[in-house]
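**Student:** Here you go, one structure.
Number of protein chains: 2
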Amino acid sequence: MTRVACCQLAPVVGQGEANVAMAHSAWTAAVAAGAELVVLPELVTSGYVFASAGEAKSVARRADDELWDTWAAELAGSRAAVVAGFCEAGDDGRLYNSAVVLDATGVRAVYRKAHLWDAEKAIFTPGSAPPPVVDLAVGRVGVLICYDLEFPEMPRALALAGADIIAVPTNWPRTERPAGEHAGEVVIAMAAARVNRVAVACCDRVGVERGQDWNGGTAVIDQSGWALAAADGAVTVAAELDLAASRHKWVSPRNDVMADRRPELYGRLTGP
Amino acid sequence: MTRVACCQLAPVVGQGEANVAMAHSAWTAAVAAGAELVVLPELVTSGYVFASAGEAKSVARRADDELWDTWAAELAGSRAAVVAGFCEAGDDGRLYNSAVVLDATGVRAVYRKAHLWDAEKAIFTPGSAPPPVVDLAVGRVGVLICYDLEFPEMPRALALAGADIIAVPTNWPRTERPAGEHAGEVVIAMAAARVNRVAVACCDRVGVERGQDWNGGTAVIDQSGWALAAADGAVTVAAELDLAASRHKWVSPRNDVMADRRPELYGRLTGP
Numbered sequence: 005m006t007r008v009a010c011c012q013l014a015p016v017v018g019q020g021e022a023n024v025a026m027a028h029s030a031w032t033a034a035v036a037a038g039a040e041l042v043v044l045p046e047l048v049t050s051g052y053v054f055a056s057a058g059e060a061k062s063v064a065r066r067a068d069d070e071l072w073d074t075w076a077a078e079l080a081g082s083r084a085a086v087v088a089g090f091c092e093a094g095d096d097g098r099l100y101n102s103a104v105v106l107d108a109t110g111v112r113a114v115y116r117k118a119h120l121w122d123a124e125k126a127i128f129t130p131g132s133a134p135p136p137v138v139d140l141a142v143g144r145v146g147v148l149i150c151y152d153l154e155f156p157e158m159p160r161a162l163a164l165a166g167a168d169i170i171a172v173p174t175n176w177p178r179t180e181r182p183a184g185e186h187a188g189e190v191v192i193a194m195a196a197a198r199v200n201r202v203a204v205a206c207c208d209r210v211g212v213e214r215g216q217d218w219n220g221g222t223a224v225i226d227q228s229g230w231a232l233a234a235a236d237g238a239v240t241v242a243a244e245l246d247l248a249a250s251r252h253k254w255v256s257p258r259n260d261v262m263a264d265r266r267p268e269l270y271g272r273l274t275g276p
Numbered sequence: 005m006t007r008v009a010c011c012q013l014a015p016v017v018g019q020g021e022a023n024v025a026m027a028h029s030a031w032t033a034a035v036a037a038g039a040e041l042v043v044l045p046e047l048v049t050s051g052y053v054f055a056s057a058g059e060a061k062s063v064a065r066r067a068d069d070e071l072w073d074t075w076a077a078e079l080a081g082s083r084a085a086v087v088a089g090f091c092e093a094g095d096d097g098r099l100y101n102s103a104v105v106l107d108a109t110g111v112r113a114v115y116r117k118a119h120l121w122d123a124e125k126a127i128f129t130p131g132s133a134p135p136p137v138v139d140l141a142v143g144r145v146g147v148l149i150c151y152d153l154e155f156p157e158m159p160r161a162l163a164l165a166g167a168d169i170i171a172v173p174t175n176w177p178r179t180e181r182p183a184g185e186h187a188g189e190v191v192i193a194m195a196a197a198r199v200n201r202v203a204v205a206c207c208d209r210v211g212v213e214r215g216q217d218w219n220g221g222t223a224v225i226d227q228s229g230w231a232l233a234a235a236d237g238a239v240t241v242a243a244e245l246d247l248a249a250s251r252h253k254w255v256s257p258r259n260d261v262m263a264d265r266r267p268e269l270y271g272r273l274t275g276p
């Protein structure tokens, strides 16, 4: 079993150093408590509700920022990995809403969010590469960021590429839901897990920022689509997952959810 | 608003005439109560747990069975449509797990389930055509059958092809779920509705059949993914839906869930 932790933090927009310190404190505590995969929120080092591209630029970091080397060095001797959202300053001068995957050997991947939400479109450039599946000591970790998960093609592609778990740094703006229901984004994450037989770890944020509140919908979801740990006010949400279970796709004696696909049918529909 | 009804019946395997009478009674009552789209369970005229292909054949009907003409004639003067699962005897001598779409003008479509569940593989031939979107007076109705819905490509394709609502005749074998959760299949249906901004009407069955129990998970789901009516023991579950809402895909001032797709990225992942 693998202990997966999500640290549902409350970053403050523009407070780069304080956010980094908070994120560092949270992930090191989670690793000390036995977590082998720690997921942090989207844009955790920068905050989210930027007033301008200039403000975002002021707290942006490069994909090879020395912060990542510092964090990786602290993982020396551990199998653990950290997935963290950050505001990326690209070599091309553009800003990306990115996530870094780190382990003891350093930066293993940087993924740039491909589907931008609302005002992000005024700040960030969407990524042009598909999301990665990173073969780590802990297992094969796929990465998506927030709204990416609402495109079912994305978790499907990661599962088909062999992901054991999909780590999803997210900032889910507060949405309405009927009493007794999970947030709509959590329903989507649960279904993505179940149809693909892949674990999903969504790390949301909290803390009202320039009037924007959040769902606080952090969830560690198993391959059957059930949330094993919900936040309920805790900063760090952790659960034990059998990541090896993602490597078979059997759901009945005669049904394998991937072998049963009929891709020859999926592209043949056109409008009426 | 359009009244959509699902009749969560308890067919008995092999009792073809009694099942037809029960289904007829249920859909005519639903139409009399104002429903303009009525969905009946998968294999409602035949029952589900067949002991053999021979038994299935004994209760099979053709796509042009006179029963459909009889039912369609009763819809004369009405905008209403009925979607019903049945055991189809194909011209090719094979059996299909099919659904018929009827309105006052007659049979509008027959869809053959493309993804077969478990022992169905020993009885039925999977369909070789994509699911239809039928342009009815009540709106554009897409059709899937049970396990089809667990392939996210299927509701996606129907939504891209312009479906306002997806009608899903189903027989969901009883599955375990944590306290307070919907059945896993309902979670999948809710997510399919939400990510595609399309209504979904799932009509499950009840009635233990040869030891097999069912989820009884009938749900009429709106374009935000919320179940507006759950079965709770009622035979017919009905809700008012704004089907026109499926024709825009806006979820924020700058986000349209279809226009935001990045299909150029979805096929580029390969295994690690």
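Protein chains in written order, with our numbering: chain E, 5 to 276; chain P, 5 to 276.
In this text, a Cβ means the ideal position worked out from N, Cα and C, and glycines have one as well.
1) Are the beta-carbon atoms of residue 7 (chain P) and residue 242 (chain P) separated by less than 9 Å?
2) Following the continuous beta strand (DSSP E) through residue 240 (chain P), name the residue where it begins and the one where it ends.
3) The alpha helix (DSSP H) spanning residue 268 (chain P) covers which residue range?
4) Taking the beta carbon of residue 65 (chain P) as the centre, do at least 16 other beta carbons fall within 10 Å, making it buried, or is it exposed?
5) Can you list the residues of chain P that residue 157 (chain E) reaches, using a CB-CB cut of under 7 Å?
6) Would you report the Cα separation of residue 148 (chain E) and residue 184 (chain P), rounded to the nearest angstrom?
7) Are the region 225 to 234 of chain E and the region 25 to 41 of chain E touching, with three or more C-beta to C-beta distances below 8 Å?
8) Any C-beta of chain P sitting closer than 9 Å to the C-beta of residue 114 (chain E)?
9) Verify the CB distance criterion: does residue 102 (chain P) have a CB-CB separation below 9 Å to chain E?
10) Does the region 247 to 254 of chain E come within contact of the region 175 to 182 of chain P, defined as at least 3 CB pairs closer than 8 Å?
11) Could you compute how far the alpha carbon of residue 42 (chain E) sits from the alpha carbon of residue 125 (chain E)?
12) I'd like to know whether the C-beta of residue 62 (chain E) is nearer than 9 Å to at least one C-beta of chain P.
13) Skipping 5 residues on each side, what residues in its chain have a beta carbon closer than 8 Å to that of residue 81 (chain P)?
14) For residue 191 (chain E) and residue 70 (chain P), what's the separation of their Cα atoms in angstroms?
15) Residues of chain E with a CB under 9 Å from the CB of residue 265 (chain P): which are they?
16) Check the Cβ-Cβ distances between residue 127 (chain P) and every residue of chain E, and say whether any is below 9 Å.
17) Between the alpha carbons of residue 134 (chain P) and residue 57 (chain P), how many angstroms are there, rounded?
18) Which residues mark the beginning and the end of the beta strand (DSSP E) in which residue 220 (chain E) is found?
19) Tell me, please, which residues DSSP counts as bridged to residue 256 (chain E).
20) Checking 9 Å against the spacing of the C-beta atoms, do residue 63 (chain P) and residue 74 (chain P) come in under that value?
21) What do you reckon, are the CB atoms on residue 105 (chain P) and residue 55 (chain P) nearer than 9 Å?
22) If the cut is a Cβ gap below 7 Å, which residues of chain P does residue 122 (chain E) touch?
23) Taking a contact to mean a Cβ-Cβ separation below 9 Å, would you say residue 154 (chain E) touches residue 261 (chain P) in this structure?
24) Give the single residue among E:171, E:246, E:22 and E:131 whose Cα lies nearest to the Cα of residue 86 (chain E).
25) Run through the region 131 to 218 of chain P for me and flag every whole beta strand (DSSP E) of 3 or more residues, listed as ranges in chain order.
26) Does the beta-carbon of residue 102 (chain P) have 16 or more other beta-carbons within 10 angstroms, so that it is buried, or is it exposed?
27) Enumerate in chain order the residues of its own chain whose CB-to-CB distance from residue 139 (chain P) is below 7 Å, with the five nearest sequence positions on each side excluded.
28) What distance in whole Å lies between the Cβ atoms of residue 219 (chain P) and residue 187 (chain P), which are believed to be in contact at a cut-off of 8 Å?
29) Does the beta-carbon of residue 157 (chain P) have 16 or more other beta-carbons within 10 angstroms, so that it is buried, or is it exposed?
**Tutor:** The answer reads as follows:
1) yes
2) 240 to 245
3) 267 to 270
4) buried
5) 270
6) 28 Å
7) no
8) no
9) no
10) no
11) 28 Å
12) no
13) 108
14) 42 Å
15) 119, 155 and 157
16) no
17) 25 Å
18) From DSSP, residue 220 (chain E) is part of no beta strand (DSSP E); its letter is neither H nor E.
19) E:259
20) no
21) no
22) 256, 257, 258 and 259
23) yes
24) E:171
25) 137 to 140, 143 to 147, 169 to 173 and 203 to 207
26) buried
27) none
28) 4 Å
29) buried
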